[in-house]
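J.:
Numbering (full-length UniProt numbering), first residue to last: 1 to 272.
1) What is the DSSP secondary structure of residue 74, reduced to helix, strand or coil?
2) How far does the beta strand (DSSP E) with residue 44 in it extend, from its first residue to its last?
3) Grab the span of the alpha helix (DSSP H) containing residue 200 for me, first residue to last.
4) Assign residue 187 to one of two classes, buried (16 or more other C-beta atoms within 10 Å of its C-beta) or exposed (fewer than that).
5) Write down the C-beta distance between residue 41 and residue 118 rounded to the nearest angstrom, noting that I regard them as a contact closer than 8 Å.
6) Please identify the residue among 35, 121 and 116 whose C-alpha is closest to the C-alpha of residue 185.
7) Could you pull out every residue in the same chain whose Cβ sits closer than 6 Å to the Cβ of residue 87, ignoring the five residues on either side in sequence?
8) With DSSP as the reference, please indicate the residues paired to residue 13 in a beta bridge.
9) Assuming residue 141 is part of the beta strand (DSSP E), what are its boundary residues?
10) Could you check the C-alpha separation between residue 69 and residue 195 for me, to the nearest Å?
11) Under 8 Å between the Cβ atoms of residue 126 and residue 150?
12) For residue 55, collect the residues of the same chain with a Cβ closer than 6 Å to its Cβ; drop the 5 residues on either side in sequence, then sort them by chain order.
13) Once you ignore the five residues that flank residue 80 on each side, which residues in its own chain have a CB closer than 6 Å to its CB?
14) Straight-line CA distance for residue 156 to residue 114?
15) Under 8 Å between the Cβ atoms of residue 181 and residue 171?
16) Assign residue 12 to buried or exposed, taking buried as 16 or more other Cβ atoms, counted over all protein chains shown, within 10 Å of its Cβ.
17) Verify whether the separation of the beta carbon atoms of residue 135 and residue 198 is less than 8 Å.
18) Specify, as a first and last residue, the run of the beta strand (DSSP E) that residue 54 falls within.
19) What whole-angstrom Cβ distance do residue 103 and residue 53 have, given they're in contact under 8 Å?
20) Return the bridge partner residues of residue 145 from the DSSP annotation.
21) Taking the beta carbon of residue 224 as the centre, do at least 16 other beta carbons fall within 10 Å, making it buried, or is it exposed?
22) By DSSP's criteria, residue 99 is part of a beta bridge. Which residues make up the other side?
23) Mapping the DSSP letters down to three states, classify residue 231 as helix, strand or coil.
24) Which of the three DSSP states is assigned to residue 48 in this structure?
25) Can you name, in chain order, every residue of its own chain whose Cβ lies under 6 Å from the Cβ of residue 31, other than the five neighbours on each side?
26) Alpha carbon to alpha carbon, how far is residue 144 from residue 57?
27) Cβ atoms of residue 131 and residue 147: under 8 Å apart, would you say?
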């Protein structure tokens with residue numbers, strides 16, 4: 001489960017401070033969560049890694065295209081784009097992650113967001129390999145997989161102090177060894193307008209999830225109306241078929257009685 005809290009919460013009146021703001025019960029996986037990593041480029045976007053998938057959760061109060069900029073003061077109630085800091089884990093209408101990955105070839109063990117490219121994620125696996133996902137290229141599978149070591153990877157960290165550290169990825173494994181990976185240029189410098197592209201992708205998923213309750217209500221009402229219309233049409237068709245059968249029966253009965261000289265009862269004298 002995911003818990004959204006505030007360690008700096010202040011008490012109001014006689015009430016104790018509420019450090020836990022909300023508990024997200026929308027995590028639809030029975031697997032344990034292994035790591036949470038927030039994006040350095042898009043505020044309120046988090047990478048959530050479990051052993052059999054990773055997901056992108058967005059907890060902002062507005063669409064990702066209006067997310068808090070990287071330079072915003074985290075103590076401000078609102079930034080210049082009117083994106084308020086969330087009081088709860090996520091908006092009430094956002095009840096699932098914006099993206100869920102396919103199952104990997106081997107269990108995931110850790111993950112990290114690229115500090116220089118908002119569309120790039122790094123996922124470490126228990127077989128010692130590393131998957132690199134680039135959402136500007138494709139989203140159904142990793143862009144590449146790289147073998148790092150024979151032991152399970154446990155941690156991934158970029159150097160936060162220097163821009164030069166964005167090209168170096170520190171990876172730890174289950175045997176206690178440290179591996180420093182030099183990243184290629186294409187994983188450090190992305191295409192033009194990459195930030196805008198990935199925000200548009202996230203916006204599309206955000207609005208899709210946001211509109212699901214309305215669409216579900218509309219589709220349910222349309223379904224019920226269609227069922228009523230079909231039921232009425234079916235009843236009318238059945239009545240017409242019964243009328244035709246009854247008319248054919250009376251006509252056949254009249255012809256038979258006339259041929260045999262049998263008189264018909266008054267109620268059956270004429271076909272309907």
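Even glycine gets a Cβ: it sits at the ideal position worked out from N, Cα and C. Given the structure is predicted, the values throughout are model-derived calculations rather than measurements.
T.: In this structure, then:
1) Residue placement at residue 74 is flagged as unreliable, the pLDDT there being 44, under the threshold of 50; the coordinate-derived value follows with that caveat. Of the three classes helix, strand and coil, the one that applies to residue 74 here is coil, per DSSP.
2) Here residue 44 belongs to no beta strand (DSSP E), and DSSP marks it neither H nor E.
3) Segment 194 to 210, the alpha helix (DSSP H) holding residue 200.
4) By the C-beta density criterion, residue 187 is buried, having at least 16 other C-beta atoms within 10 angstroms.
5) Separation of the CB atoms of residue 41 and residue 118 is rounded to 4 Å, and the pair is thereby assigned contact status at 8 Å.
6) Nearest C-alpha to residue 185: 116.
7) Note that residue 87 scores a pLDDT of 48, beneath 50, so its modelled location is shaky; the value from the coordinates is reported in the next line. If we look at residue 87 and ignore the five residues flanking it on each side, it has no Cβ neighbours.
8) According to the DSSP secondary-structure assignment, residue 13 is paired through a beta bridge with no residue.
9) From DSSP, residue 141 is part of no beta strand (DSSP E); its letter is neither H nor E.
10) Per-residue confidence for residue 69 stands at a pLDDT of 49, beneath the threshold of 50, marking its modelled position as unreliable; the derived number appears in the next sentence. If you take the alpha carbons of residue 69 and residue 195, they lie about 11 Å apart.
11) Cβ atoms of residue 126 and residue 150: not closer than 8 Å.
12) When the five nearest sequence neighbours on each side are left out, the beta carbons in the same chain lying within less than 6 Å of the beta carbon of residue 55 are those of 48, 97 and 100, in order along the chain.
13) Only weak support is given to the placement of residue 80: the predicted model assigns it a pLDDT of 41, under 50, and the question is left unresolved by the model.
14) Cα to Cα, the separation comes out at about 11 Å.
15) Residue 171 sits close to residue 181, with the two beta carbons spaced by under 8 Å.
16) Here residue 12 is exposed: its Cβ has fewer than 16 other Cβ atoms, across all protein chains shown, within 10 Å.
17) Contact flag set, yes.
18) Counting along the chain, the beta strand (DSSP E) containing residue 54 begins and ends at 54 to 58.
19) That pair is a contact at about 6 Å.
20) The partner list for residue 145 (beta bridge, DSSP) reads 131.
21) Residue 224 comes out exposed.
22) Listed as beta-bridge partners of residue 99 by DSSP are 56.
23) In the structure shown, residue 231 adopts helical secondary structure according to DSSP, grouped into three states.
24) Reduced to three states, the DSSP call for residue 48 is strand.
25) Cβ within range, chain order: 50, 51 and 52.
26) Between the alpha carbons of residue 144 and residue 57 lies a distance of about 23 Å.
27) No.
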